[in-house]
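**Q** Mind looking over this structure? Questions follow.
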Amino acid sequence: MKRKSVYAWMGFCLVYCAGFGVPRAWGQASSAGAILGTVSDPSGAVVPEAQVTLTNTATQQARTVTTNGSGFYSAEALLAGSYDVMIQAQGFKTFVAHDVRLDPGDRVPVNASLEVGTAVSEVTVAAAAVKVETSTGESGGVIGGNQVQELLLNGRNFIGLGLLVPGVNSASITGRSVGGGSLNSGGLTGETPLSINGLGREYNLYTVDGAYNMNTGNNININVTPTLDTISEFRITKDNYSAKYGVAGSAQVMVESKSGTKDFHGAVYEYLRNDHLDARNFFATEKDPLKQNNFGFAIGGPVYIPGKYNTERKKTFFFVNEEWRRRRAALTLRGAMIPQAMRNGDFTNSPTLPSAGLKLDASSQTFMAAEHPGVDCVPDSTHLNTACFDPNAVLLMNTFWPPPNNPAGGFLNFINPGVDRIDQRNDSYRVDHYFGSRLVLMGRVSYERVTDTPPALTWGPNPAPTTSQTIGTTGINSLLRLTANISPSTVNQFTFVQTHDKPRLRDHNTAYLSGLTIQRPFPDQKNRNPGISISGNWAGYGSYPMPVDASDGELTFSDDFSTVKGAHVLQAGTLYIFGIKRQNLFSQTQGSFSFTGV
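Sequential numbering from 504 applies to the sequence shown in my numbering.
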């Protein structure tokens, strides 16, 4: 064996052995696909050394491979898109298949039976309108770019289109009314509701261009929600998929972003909803407020300088999208507040009055007699003496428990007909550069910022606007990928990914009240009032986990190697993910009081 070959194989072995010596996760949710097939002559005999050229119809970039001794070829690590496949062999007519559609992670067979003739003669076939998966046992579905762009989609969130795939359902949402629904925004406000094949939504893996895109703190949020104008297409692979996909216990949801093309394309858009354009519900006395504006622009094409650089527009491409979202929607919150009669000591009509009425046990009688000598704190079974009310309790009640405003609601006597405010910005930048036909470099950065301000502290037990909150989330998903066509039968793809999301939850109007004399158990901690919970479904008080400053980020290195041997494609790969989740514990910084009822 030649010395150079020995060194090459030693280097290969060292790289893969090193992968076994560090923390790692195996399998890579790559969105790259392949076009493969067998070339034969009219008698059915295989045709070796046939030249197969695959041309991306959008960028006009071509990849050339040759059939081996078994007449088999496989073009690996292809980007999703539409391809023209041309097959040439000496003594045979040229075979051409136009518009072969390659979906993310797909393996599309294009077999050819060549006809005897000259190379200048051409046999043209049309790609099958409906593809049947024959090369793998995977099941799932693909939502194409035209469907993403043209189908009406409430909330303009791509995840909603996943319901078009058989076996996909919408699971329950746990967002505590934040955002008015999981598909109206991204960040911590939005959630991933898809339940696939009956499994929980937290078992799915969402990727963009093969890049990990999950909030590892809860596995039901994604770092960046791709906007519809950046999506080339997306694929849901439900089961029986290749070992190269890892991490998920259920399905793979793979989004492929748009790249620039040989020609310039762009769009400026705005989608809006407004309650002034809506009809009133027949049973409603008035329309709920709703104002939603979704606007932005997208542009893509070649990077070139006429007469100077990339004059054929086949070398460098870019795609840019910026989008803004403004949503003001009704978010009605209800709860049980303390009626005025009970504030005056009259509990006759209390819905949670014990059957035996109000009374004090022996220890409570001793305590109240010491606190209020000569005062009868419980004159009868339905009344309390207001002179015995604790001043701290009265201060807290008058500050955070407003009087009821909805007598028709029964026990839920308070209603907050508020408006939830969501502001969101998304940016996505992608560049593809071709160093000739054998080396391709792709880079992408996607950014998202979401601010959600509901009409009350919805992460707490009180629906009143006396306290409120702001939920802000910043997410980034960035990727750098190098694809090397080592030979017509061998491809290697190296990918580096950096992602993170930073939720910031803030409560408002929860600072320690002036005049409150409750001793704080942790005076050096956050300046907050103690939490209060009242059994019987009465409204309580407390911001509980807030403020929250969380950080969730991952660094990912992966390498995928493919080579064709005979009628087989051999693949090897490694994936290394390093992630840290930082978040303060959910707890009351100044303790809490629990009461058994009112």
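The C-beta atom is built at its ideal place from N, Cα and C for all residues, glycine as well.
Report yes or no: do the region 907-919 and the region 825-845 share at least 3 C-beta pairs separated by less than 8 Å?
**A** Short answer: they touch.
**Q** Straight-line CA distance for P696 to H1011?
**A** Within the sequence shown, residue 696 is the residue found at index 193, counting from 1. Within the sequence shown, residue 1011 is the residue found at index 508, counting from 1. Cα-Cα distance, rounded: 29 Å.
**Q** Applying the criterion that 16 or more other CB atoms from any shown protein chain within 10 Å of the CB defines a buried residue, is G547 buried or exposed?
**A** The count along the sequence shown starts at 1 and reaches residue 547 at position 44. With fewer than 16 Cβ atoms within 10 Å of its Cβ, G547 is classed as exposed.
**Q** Can you tell me which residues form a DSSP beta bridge with K1084?
**A** Counted from its first residue, the sequence shown places residue 1084 at position 581. Beta-bridge pairing links K1084 to D1055.
**Q** Could you tell me the alpha carbon to alpha carbon distance between T1077 and L581, rounded to whole angstroms?
**A** Position 574 of the sequence shown holds residue 1077. Position 78 of the sequence shown holds residue 581. Those two C-alpha atoms are separated by around 19 Å.
**Q** Taking only runs that begin and end inside the region 1020-1075, name each unbroken beta strand (DSSP E) of 3 or more residues, in chain order.
**A** Whole beta strand (DSSP E) segments, 3+ residues: 1034-1037 and 1054-1068.
**Q** Where does the unbroken alpha helix (DSSP H) through D648 begin, and where does it stop?
**A** To locate residue 648, count along the sequence shown from 1; it is residue 145. The question names Asp, but residue 648 in the sequence shown is Gly. Where G648 is concerned, the enclosing alpha helix (DSSP H) stretches over G648 to E653.
**Q** Tell me the DSSP secondary structure of H875 in three-state form.
**A** Residue 875 sits at position 372 when you count from the first residue of the sequence shown. If DSSP states are grouped into helix, strand and coil, H875 belongs with coil.
**Q** I'd like to check one pair, Y715 with T1059: are the Cβ atoms closer than 9 Å?
**A** Indexing the sequence shown from 1 puts residue 1059 at position 556. Indexing the sequence shown from 1 puts residue 715 at position 212. Against a cut-off of 9 Å, the Cβ pair of Y715 and T1059 comes out as a contact.
**Q** Nearest-angstrom Cα distance between M1049 and T556?
**A** Start at 1 with the first residue of the sequence shown, and residue 1049 comes out as number 546. Start at 1 with the first residue of the sequence shown, and residue 556 comes out as number 53. Approximately 59 Å, taken between the alpha carbons.
**Q** Under three-state DSSP, which class holds A865?
**A** Position 362 of the sequence shown holds residue 865. Helix.
**Q** Is T562 near S762, with beta carbons less than 9 Å apart?
**A** By 1-based counting over the sequence shown, the position of residue 562 is 59. By 1-based counting over the sequence shown, the position of residue 762 is 259. Taking 9 Å as the Cβ cut-off, T562 and S762 qualify as a contacting pair.
**Q** I need the boundaries of the beta strand (DSSP E) containing Q591, first residue and last residue.
**A** Position 88 of the sequence shown, counted from the start, is the residue given in the question as residue 591. Run containing Q591: G584 to Q591, per the beta strand (DSSP E) assignment.
**Q** Are the region 642-660 and the region 732-743 in contact at 8 Å, needing three or more beta carbon pairs?
**A** With the cut-off at 8 Å, the region 642-660 and the region 732-743 touch.
**Q** R846 by DSSP, collapsed to three states: which one?
**A** Within the sequence shown, residue 846 is the residue found at index 343, counting from 1. It is helical.
**Q** State the Cα-Cα distance for the pair G693 and T977, rounded to the nearest angstrom.
**A** Your numbering for residue 693 matches position 190 in the sequence shown. Your numbering for residue 977 matches position 474 in the sequence shown. Near 13 Å, if we compare the C-alpha coordinates of T977 and G693.
**Q** Which residue from L793, E618 and L775 puts its Cα closest to that of R783?
**A** Position 280 of the sequence shown, counted from the start, is the residue given in the question as residue 783. That would be L793, whose Cα lies nearest to the Cα of R783.
**Q** I need the boundaries of the alpha helix (DSSP H) containing V897, first residue and last residue.
**A** Mapped onto the sequence shown, residue 897 falls at position 394. Segment P894 to F903, the alpha helix (DSSP H) holding V897.
**Q** My output table needs one value for Y807: the three-state DSSP class, helix, strand or coil.
**A** Sequence index remark: in the sequence shown, residue 807 carries index 304 (1-based). Of the three classes helix, strand and coil, the one that applies to Y807 here is coil, per DSSP.
**Q** Determine the extent of the beta strand (DSSP E) in which G963 is found, giving its start and end residues.
**A** Taking the sequence shown and counting its residues from 1, one reaches residue 963 at position 460. No beta strand (DSSP E) contains G963, which DSSP labels as neither H nor E.
**Q** Assuming S577 and L539 form a contact by the criterion Cβ under 8 Å, report the distance between their Cβ atoms to the nearest whole angstrom.
**A** The count along the sequence shown starts at 1 and reaches residue 577 at position 74. The count along the sequence shown starts at 1 and reaches residue 539 at position 36. Confirmed, about 4 Å.
**Q** Terminal residues of the continuous beta strand (DSSP E) containing T1148?
**A** Because residue 1148 is not part of the residues shown, which for the chain are 504 to 1101, the question remains open.
**Q** Is N796 near S931, with beta carbons less than 9 Å apart?
**A** Along the sequence shown, one-based indexing puts residue 796 at 293. Along the sequence shown, one-based indexing puts residue 931 at 428. Contact flag unset, no.
**Q** Who are the near neighbours of S1095 in its chain, counting only those whose CB is closer than 6 Å to its CB and skipping five residues on each side?
**A** Within the sequence shown, residue 1095 is the residue found at index 592, counting from 1. So the list reads P1033 and G1034, once near-sequence residues are dropped.
**Q** CB-CB under 7 Å to P991, same chain, minus the five flanking residues each way: which ones, in chain order?
**A** Along the sequence shown, one-based indexing puts residue 991 at 488. Correct list, in chain order: T567, V568 and T569.
**Q** State whether the region 750-764 contacts the region 810-826, with contact taken as three or more CB pairs (one from each stretch) at a distance under 8 Å.
**A** Flag = yes, the region 750-764 and the region 810-826 touch.
**Q** Measuring straight from C-alpha to C-alpha, what distance separates R527 and G1056?
**A** On the sequence shown, position 24 is the one that residue 527 refers to. On the sequence shown, position 553 is the one that residue 1056 refers to. Residue placement at R527 is flagged as unreliable, the pLDDT there being 38, under the threshold of 50; the coordinate-derived value follows with that caveat. Going from the Cα of R527 to the Cα of G1056 covers about 16 Å.
**Q** Does L1016 come out as helix, strand or coil in the three-state DSSP assignment?
**A** For the purposes of this step, residue 1016 is taken as the residue at position 513 of the sequence shown. L1016: coil per DSSP, three-state reduction.
**Q** Going by C-alpha to C-alpha distance, which of N1087, L899, A565 and G877 sits closest to C891?
**A** For this step, residue 891 is matched to residue 388 along the sequence shown. For the residues N1087, L899, A565 and G877, the minimum Cα distance to C891 belongs to G877.
**Q** Spatial neighbours of P551 within its chain, please: CB distance less than 7 Å, with the 5 preceding and 5 following residues excluded, ordered by chain position.
**A** As a first step, residue 551 must be located in the sequence shown, where it is residue number 48. Excluding residues within five positions, the ones whose Cβ falls inside 7 Å are T570, N571, G572 and G574.
**Q** Which partner residues of D606 appear in the DSSP bridge assignment?
**A** In the sequence shown, counting from the first residue as 1, residue 606 sits at position 103. DSSP output for D606 lists no bridge partner at all.
**Q** Between which two residues does the beta strand (DSSP E) harbouring F1004 extend?
**A** By 1-based counting over the sequence shown, the position of residue 1004 is 501. Strictly speaking, residue 1004 in this sequence is Asp, with Phe absent from that position. Start and end: T993 to H1011.
**Q** Start and end of the beta strand (DSSP E) containing P920?
**A** If you number the sequence shown from 1, residue 920 lands on position 417. Here the beta strand (DSSP E) through P920 covers F917 to Y937.
**Q** According to the neighbour-count rule (16 or more other Cβ atoms, all chains shown, within 10 Å of its Cβ), is S508 buried or exposed?
**A** Counted from its first residue, the sequence shown places residue 508 at position 5. Because S508 carries a pLDDT of 44, less than 50, the predicted location of this residue cannot be relied on, and the following value inherits that uncertainty. S508 should be labelled exposed.
**Q** So G720 and K1084 are supposed to be a Cβ contact under 8 Å. How far apart are they, rounded?
**A** By one-based count along the sequence shown, residue 720 stands at place 217. By one-based count along the sequence shown, residue 1084 stands at place 581. That belief holds up - the Cβ atoms of G720 and K1084 are roughly 5 Å apart, short of 8 Å.
**Q** Taking L605 as the reference, give the member of Y937, G1082 and N559 with the closest Cα.
**A** The sequence position of residue 605 within the sequence shown is 102, counting from 1. When each option's Cα is compared against that of L605, the closest is N559.
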